[in-house]
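Okay, so here's the structure we're looking at.
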Amino acid sequence: MADQTVDPAPHDPRPVEPTGAGGRTGRNPSRPPGRRALLGAAVCAGALLPAATAGAVPTAGAAPTGGAAMTGGAAPAAPRGSGEGAGGRLSTGQRRRRARRAVRALQLNFSLPAPSPMLSELCPRREEDPDFSYCWPLSQARSAACELSYASASEPAQDRRFRRALEDAQQAYWYAAGGETGLPGCTAACDREQGPHGDMYYDDNAWVGLQDVEEHLIAGGRRGNLERARAILELLRSGEDTDPDAPSPGGIFWTQAGDESGRNTVSTVPSAKLALRLHQITGDATMLRDAQRWVSWARGTLLADEGLFWDNIAPDGTIDRTFWSYNQGVPLGTEALLFEITGRRVHRDRAVDLADAVVRRYAPFEDGGGLDEQPLQFAAILTANLVMAQAVIGDRIPGRAIAQAYADRLWSRRDPGTDLYDGEKREGGDRLHLLDQAGYARALAVAAIGEKRARLLC
């Protein structure tokens with residue numbers, strides 16, 4: 074299919090209702106699919122807006138400074154025997170090759186015909202499928218491709234072209250005219266008639282901003298759209314609850330759905346992490362204060378006695394007490410980052426406590442344990458943050474051991490003939506979703522990243 078030109082001028086905030094939800098139900102029919110939706114409406118087609126050029130910050134290539142890494146005690150022991158053979162241990166090169174095969178299977182099976190850089194939502198495709206994937210699955214596929222490049226000693230041309238294509242594809246969702254708060258950001262969908270359209274999900278935008286900052290840091294300012302990341306932070310600020318009469322005032326809404334949107338761990342804490350990373354680059358103290366306020370709200374409102382974070386608080390004050398794995402990963406990584414920036418031991422201790430709670434809850438070294446029951450893309454976000462936190466804090470957080478054990482189990486669940494993930498599918502369907510393969514590929518890439526670059530993961 075030839076690339077289509079998107080005209081970003083028309084805007085329809087009311088895309089059709091998704092056909093199902095992967096972990097959350099009860100969406101407003103006037104809202105587009107977001108974080109956990111099974112994306113069932115054919116609404117995204119067309120090509121791209123010009124990608125903006127990221128501004129380079131001279132010191133961005135250096136590792137962030139702050140408190141020194143501390144071990145804080147011994148890490149829980151990881152089991153043996155997670156390598157190629159019984160009792161074997163994989164080399165870094167073997168892990169890189171596995172990750173590359175997973176990313177290339179994603180490219181081969183989900184890419185639309187050239188010259189379009191966009192991806193399909195499902196594999197194999199059917200006539201009734203959306204023309205292109207939605208913003209959230211695309212962002213996770215982009216993370217997998219980028220993190221493969223971080224793990225690689227050198228980036229093959231094929232991988233580099235795919236990574237750059239996905240960055241171009243991401244720009245197709247950028248709506249410069251602004252959403253309900255008047256600020257630009259990524260919408261959930263795009264099509265050739267309307268361009269980027271639909272609601273803006275704050276967590277979708279936080280993932281995009283974090284990916285741009287991650288690339289900027291790891292590539293020394295040569296990659297990543299820092300201008301877009303800064304604009305996204307302004308959008309996230311506009312999504313903060315300022316109603317003093319709301320239950321537990323504060324936090325960032327999940328979506329621009331007004332009174333219908335809850336305030337979530339996954340919208341509030343990734344926003345804090347983005348603010349912290351941009352603070353490291355710019356030195357802007359307001360960003361640090363925003364992040365501290367958002368983390369404090371999340372801990373005061375959504376942190377359970379078990380030491381894990383609940384999902385969200387609804388407009389009526391009802392709390393969704395689901396323990397999604399990514400809702401533990403981002404707070405853990407954010408506390409590690411706060412420790413790195415401030416040197417305050419309380420943040421190190423919080424990160425260690427959360428890592429311990431993760432081990433207790435998800436049994437991450439066990440085949441078929443709680444982590445294996447989580448959606449792939451959620452678990453990949455958790456392992457990325459565990460690996461990052463270990464690089465900052467030390468071995469009291471068993472991030473690399475968890476990431477590698479999990480990646481090894483995923484590898485055993487692939488189709489050896491295609492390198493596509495062949496485990497349980499989203500919604501129990503018979504086809505593979507982009508989010509499945511993206512989460513699988515990202516988990517393998519994270520397991521192959523060295524400590525120096527792991528410290529800069531976002």
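When the count follows my numbering, it moves up by one through the sequence shown with no breaks and lands on 531 for the last residue.
We treat Cβ as the ideally placed atom computed from N, Cα and C, and that holds for glycine.
Chain C contact for residue i (CB, 7 Å cutoff)
i: Tyr248; result: Structure shown: chain C not included; a single protein chain is present.
Buried or exposed (CB count within 10 angstroms, at least 16 for buried), residue i
i: Leu221; result: buried
i: Ala521; result: buried
i: Asp440; result: exposed
i: Thr395; result: exposed
i: Glu287; result: buried
i: Asp264; result: buried
i: Lys525; result: exposed
i: Leu163; result: buried
i: Glu194; result: buried
i: Glu313; result: buried
i: Leu427; result: buried
i: Ala533; result: Because the chain here runs from 74 to 531, residue 533 falls outside it and cannot be looked at.
i: Val368; result: buried
i: Arg421; result: buried
i: Pro203; result: buried
i: Ala245; result: buried
i: Pro489; result: exposed
i: Pro317; result: exposed
i: Gly324; result: buried
i: Asp276; result: buried
i: Gln231; result: exposed
i: Ala377; result: exposed
i: Leu57; result: Summary: the structure shown does not reach residue 57, with the chain confined to residues 74 through 531, and so no result is reported for it.
i: Pro471; result: buried
Beta-carbon gap between residue i and residue j smaller than 7 Å
i: Leu505; j: Cys196; result: yes
i: Arg236; j: Cys259; result: no
i: Leu459; j: Asp509; result: no
i: Phe183; j: Leu493; result: no
i: Gly30; j: Ala261; result: Only positions 74 to 531 of the chain appear in this structure, which leaves residue 30 out of reach.
i: Ser321; j: Ile414; result: no
i: Ala279; j: Ser344; result: yes
i: Gly430; j: Leu375; result: For the record, residue 430 in the displayed sequence is Ala; it is not Gly. Against a cut-off of 7 Å, the Cβ pair of Leu375 and Ala430 comes out as no contact.
i: Ala453; j: Arg515; result: yes
i: Asp495; j: Arg482; result: no
i: Val342; j: Thr407; result: yes
i: Leu455; j: Gly402; result: yes
i: Arg169; j: Ser225; result: yes
i: Gln185; j: Ser206; result: Residue identity check: residue 185 is Leu in the sequence provided, not Gln. Their beta carbons are not under 7 Å apart, which means Leu185 does not touch Ser206 by this criterion.
i: Asp199; j: Trp484; result: Residue 199 is actually Arg in this sequence, not Asp. Result no, Cβ atoms of Arg199 and Trp484 do not sit closer than 7 Å.
Proximal residues to residue i (C-beta, below 6 Å), its chain only, five neighbours per side dropped
i: Ala409; result: Ala424, Ala462, Val465, Ile466
i: Pro190; result: Ala238, Asp241, Ala242
i: Ile291; result: Tyr223, Arg526, Leu529
i: Phe451; result: Trp397, Ser398, Tyr399
i: Gly297; result: Ala127, Asp285, Glu288, His289
Own chain residues within Cβ distance below 7 Å of residue i, not counting five before or after
i: Asp384; result: Asn337, Thr338, Asp393, Thr395, Trp397, Asn400
Proximal residues to residue i (C-beta, below 8 Å), its chain only, five neighbours per side dropped
i: Pro257; result: Trp247, Tyr248, Ala249, Ala250, Gly251, Ala304, Leu308
i: Met273; result: Tyr248, Gly252, Glu253, Gly258, Cys259, Thr260, Ala261, Leu308, Thr328, Gln329
i: Arg233; result: Ser222
Residues bridged to residue i [DSSP beta-bridge criterion]
i: Glu270; result: In the sequence as displayed, the identity of residue 270 is His instead of Glu. Its beta-bridge partners are Ala262.
i: Phe382; result: Leu376
i: Tyr494; result: Arg487
i: Tyr248; result: Gly258
i: Ser184; result: Leu192
i: Glu313; result: Ile325
i: Arg336; result: Phe326, Ile386
Do the region 175 to 183 and the region 206 to 222 meet, that is, are 3 or more Cβ pairs less than 8 Å apart? Because the criterion of three Cβ pairs below 8 Å is met, the region 175 to 183 and the region 206 to 222 touch.
Flag this pair as touching only if the region 473 to 480 and the region 515 to 531 have three or more C-beta atom pairs under 8 Å; answer yes or no. With a cut-off of 8 Å, the region 515 to 531 and the region 473 to 480 count as touching, because enough Cβ pairs lie within range.
Three or more C-beta pairs below 8 Å linking the region 344 to 360 and the region 299 to 310: yes
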